[in-house]
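A.B. asks: Following this message is one structure expressed as C-alpha cells.
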Amino acid sequence: MMTKLARPYFRRKLFFSSAAFGLSSSILLLARSSPAAAVVHRTHLAFMTTTTGRSPGTKNPSNLVDVKMSSSKTSDQLQEDQLIGDDEWDEVLPFEDGSHNSAKIVIPAASTAAAESENSKVADPFERSTFAQRIEATIATCRELHKSSIWIEVPMTRASLIEDLANFNMEFHHAEGNTANLCLWLKDDSDNKIPNYATHQVGVGAFVVNSRDEILCVRELRRNYYPWKVPGGLAELGEHLDEAVTREVLEETGVRCRFHSVLSVRHTHGLQFGRSDLYFMCRLEPIEEVDSEGNVVIPEPTPQENEIETVAWIPMSEYKEMINNPERPHPTMQRVMESYDQDCAIERSVVSSIVPGRKPSPIYHASLPETTTE
Numbered sequence: 607m608m609t610k611l612a613r614p615y616f617r618r619k620l621f622f623s624s625a626a627f628g629l630s631s632s633i634l635l636l637a638r639s640s641p642a643a644a645v646v647h648r649t650h651l652a653f654m655t656t657t658t659g660r661s662p663g664t665k666n667p668s669n670l671v672d673v674k675m676s677s678s679k680t681s682d683q684l685q686e687d688q689l690i691g692d693d694e695w696d697e698v699l700p701f702e703d704g705s706h707n708s709a710k711i712v713i714p715a716a717s718t719a720a721a722e723s724e725n726s727k728v729a730d731p732f733e734r735s736t737f738a739q740r741i742e743a744t745i746a747t748c749r750e751l752h753k754s755s756i757w758i759e760v761p762m763t764r765a766s767l768i769e770d771l772a773n774f775n776m777e778f779h780h781a782e783g784n785t786a787n788l789c790l791w792l793k794d795d796s797d798n799k800i801p802n803y804a805t806h807q808v809g810v811g812a813f814v815v816n817s818r819d820e821i822l823c824v825r826e827l828r829r830n831y832y833p834w835k836v837p838g839g840l841a842e843l844g845e846h847l848d849e850a851v852t853r854e855v856l857e858e859t860g861v862r863c864r865f866h867s868v869l870s871v872r873h874t875h876g877l878q879f880g881r882s883d884l885y886f887m888c889r890l891e892p893i894e895e896v897d898s899e900g901n902v903v904i905p906e907p908t909p910q911e912n913e914i915e916t917v918a919w920i921p922m923s924e925y926k927e928m929i930n931n932p933e934r935p936h937p938t939m940q941r942v943m944e945s946y947d948q949d950c951a952i953e954r955s956v957v958s959s960i961v962p963g964r965k966p967s968p969i970y971h972a973s974l975p976e977t978t979t980e
C-alpha cells in the first residue's frame, strides 16, 4: 500500500549518487517557467540531501526510504520557496520502482481510496479534480529521474481517470479482470522498448495410443473439419505443457494419462484476438489397469458435456487411412504420425535456474542417448 504524504514521496532504493542528482542552472530556470518543472526542481533538491527516517504515518518497507528536504537551505532553495507553495509539494503521485528502470503507480479502487482517506485524514492523491496536474508533475519527475517508462494500474471503478491519462499520450498495454494497465515510454532519444502483451497463446494436442494400438479421438459439437480429431485445447496461465495436455484429455474424454514426450510444434499467426499460436502435439500414455484375472483394462472414454459430441478409441489403421486420404490429406497429422512411427520425440527435463529465487523449469530437447556407468 502506498500512503499519501504531505511532501512528494519517492520509494527509492538506498545509496543515491550525488552526481546523478546534482543541481543545474537549467533546472532552476525551468522551475521559474512552469509548475510541473518547479516540482521537478524541488524533487531534484530533495535527492541532494541526506535521507532521514520514516515520515509520520507511513508504512513503507524497511528497505525503502522517504527522501525529504534537509532543514538547512541554500539561498537558491529559499528563493524557490517563494516561487513554490507547500501545495506544489503534493503534486507528484506516489510511485514505486518497477522492473527495467520503470516507475509504477497503483491507483486504488474508489471504495479503498475513500476508506484510506477517511482513516488517515489525508486527501486522496488520485482525486479527479487534481489528477491531470498531478500526473503531469509525476511524468516530469520521472523524466528527471531518468526513468525509462511509467506504468499505471487503473481499476474499473476509477476508469474516468483514463481520459486524463490519454491526454498525456499514455496507451493501453493490457487489461485483466477489473484492472487496466497503461504505460508511457519516457526516453525520447531511444526507441520504445516496451514489449507487446501476450503475443502468443499456447495450445496442446494429445496423441494417446493404448496397448491395443488404438488412438483416442473426439468429435466436437461444433467446427469438425474431419470425422475425428485428437483431444486438446489451450494451456492456462502458469500451466506446464504436461499439466495442460493431461488436463485437457481428462476433461474432454475422462481418460487419465501420463505424459511421454512432445512429437511436434506448430507455429501459426493471426489466430484468436490476432495473436500467434504455439501448438504442441504431445504423446501420452493412458493409465491402464490389470484386473484380477490378469487382463489389461482399457479406460472407457466419456465425452465432455456441452463440448464433445462423442469420443472413441479408433484403430490406428483407420486413423492413418483418414489422414492419408489422397483427396483430403492432413499434412500436420501426417508429420506427427511419422514422428510417432519412428519413435522420434522431444523429451522433457526439469532443470534448476541460475536466477536466484526462480523455480526449476522444464526444458524440451531432442532425445539424448542413454549413458551407462561402468
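Under this note's numbering, think of the first position of the sequence shown as 607, with each following residue one higher. Backbone N, C-alpha and C fix where the C-beta goes; we use that ideal spot for every residue, glycine too.
1) Any beta-carbon of chain D closer than 8 Å to the one on Glu845?
2) Which residues in the same chain as His846 place their Cβ atom closer than 7 Å to its Cβ, once the five residues preceding and following it in sequence are excluded?
3) With Thr785 as the anchor, note down where its beta strand (DSSP E) starts and where it stops.
4) Less than 8 Å between the CB atoms is what I'm expecting for Pro761 and Pro731, so what's the real figure, rounded?
5) From Phe774, Tyr803, Ala738, pick the residue whose C-alpha is nearest to that of Ser882; which is it?
6) Can you tell me the Cα-Cα spacing of Pro932 and Ser923, whole angstroms?
7) Residues in its own chain within less than 7 Å of His866 by CB, not counting five upstream and five downstream?
8) With H, G and I counted as helix, E and B as strand and the rest as coil, what does DSSP make of Pro937?
9) Could you spell out the range, first to last residue, of the alpha helix (DSSP H) harbouring Leu767?
10) On a CA-only basis, which of Ile758, Ile741, Cys950 is nearest Asp703? Give me that one, please.
11) If we count the other Cβ atoms within 10 Å of its Cβ and call it buried at 16 or more, is Thr852 buried or exposed?
12) Give the range of the alpha helix (DSSP H) segment to which Thr805 is assigned.
13) Is it buried or exposed, Lys965, if we count other Cβ atoms within 10 angstroms and call 16 or more buried?
14) Could you tell me which uninterrupted alpha helix (DSSP H) segments, each at least 4 residues in length, are contained entirely in the segment 833-885, listed from first to last along the chain?
15) Report back the beta-carbon spacing between Ser755 and Leu790 to the nearest angstrom; my notes put them in contact at under 8 Å.
16) Taking all protein chains shown into account, do 16 or more other C-beta atoms lie within 10 angstroms of the C-beta of Ala746, making it buried, or fewer, making it exposed?
17) Short of 7 Å in beta carbon distance, which residues of its chain neighbour Gln910, apart from the five on each side in sequence? Order them along the chain.
18) Indicate the three-state DSSP secondary structure (helix, strand or coil) for Asp947 in the structure shown.
19) In three-state terms, what does DSSP make of Phe813?
20) Please name the residue or residues paired with Gly704 in a DSSP beta bridge.
21) Within 10 Å of its beta-carbon, does Tyr946 have 16 or more other beta-carbons around it, so buried, or fewer, so exposed?
C.D. replies: To lay it out plainly:
1) Note that chain D does not occur in the displayed structure, where there is just one protein chain.
2) Walking along the sequence shown from the start, residue 846 turns up at place 240. Within the same chain, His846 has close Cβ partners Pro968.
3) The sequence position of residue 785 within the sequence shown is 179, counting from 1. That run of the beta strand (DSSP E) goes 785-791.
4) Locating residue 761 in the sequence shown gives position 155, where the first residue counts as 1. Locating residue 731 in the sequence shown gives position 125, where the first residue counts as 1. Between Pro731 and Pro761 the Cβ distance is about 15 Å, and since that is not below 8 Å, they are no contact.
5) Counted from its first residue, the sequence shown places residue 882 at position 276. Out of Phe774, Tyr803, Ala738, Tyr803 has the C-alpha closest to the C-alpha of Ser882.
6) Locating residue 932 in the sequence shown gives position 326, counting from the first residue. Locating residue 923 in the sequence shown gives position 317, counting from the first residue. Distance between the alpha carbons of Pro932 and Ser923 is about 15 Å.
7) In the sequence shown, the residue the question calls residue 866 occupies position 260. Counting only residues of its own chain and dropping the five nearest sequence neighbours on each side, His866 has a CB closer than 7 Å to the CB of Arg889, Leu890, Glu891.
8) Looking up residue 937 in the sequence shown gives position 331. In this structure, Pro937 counts as helix in the three-state DSSP scheme.
9) By 1-based counting over the sequence shown, the position of residue 767 is 161. That run of the alpha helix (DSSP H) goes 767-772.
10) Translated into the one-based positions of the sequence shown, residue 703 becomes position 97. Nearest of Ile758, Ile741, Cys950 to Asp703, Cα basis: Ile758.
11) Within the sequence shown, the letter at position 246 stands for residue 852. Under this definition Thr852 is a buried residue.
12) Against the sequence shown, residue 805 aligns to sequence position 199. Where Thr805 is concerned, there is no enclosing alpha helix (DSSP H), given that its DSSP letter is neither H nor E.
13) Here residue 965 refers to the residue found at position 359 when the sequence shown is read from its first residue. Only exposed fits Lys965, as fewer than 16 other CB atoms lie within 10 angstroms of its CB.
14) 847-859
15) As a position in the sequence shown, residue 755 is number 149, starting the count at 1. As a position in the sequence shown, residue 790 is number 184, starting the count at 1. Sure, about 6 Å apart at Cβ, within 8 Å.
16) Here residue 746 refers to the residue found at position 140 of the sequence shown. Ala746 should be labelled buried.
17) Within the sequence shown, residue 910 is the residue found at index 304, counting from 1. Excluding positions up to five away in sequence, the list reads Glu857, Glu858.
18) In the sequence shown, counting from the first residue as 1, residue 947 sits at position 341. If DSSP states are grouped into helix, strand and coil, Asp947 belongs with the helices.
19) Residue mapping note: residue 813 aligns to position 207 of the sequence shown, counting from 1. It is a strand residue.
20) As a working mapping, residue 704 is identified with position 98 in the sequence shown. Paired residues: Ser708.
21) Numbered from 1 along the sequence shown, position 340 holds the residue referred to as residue 946. Its Cβ being crowded by 16 or more others within 10 Å, Tyr946 is buried.
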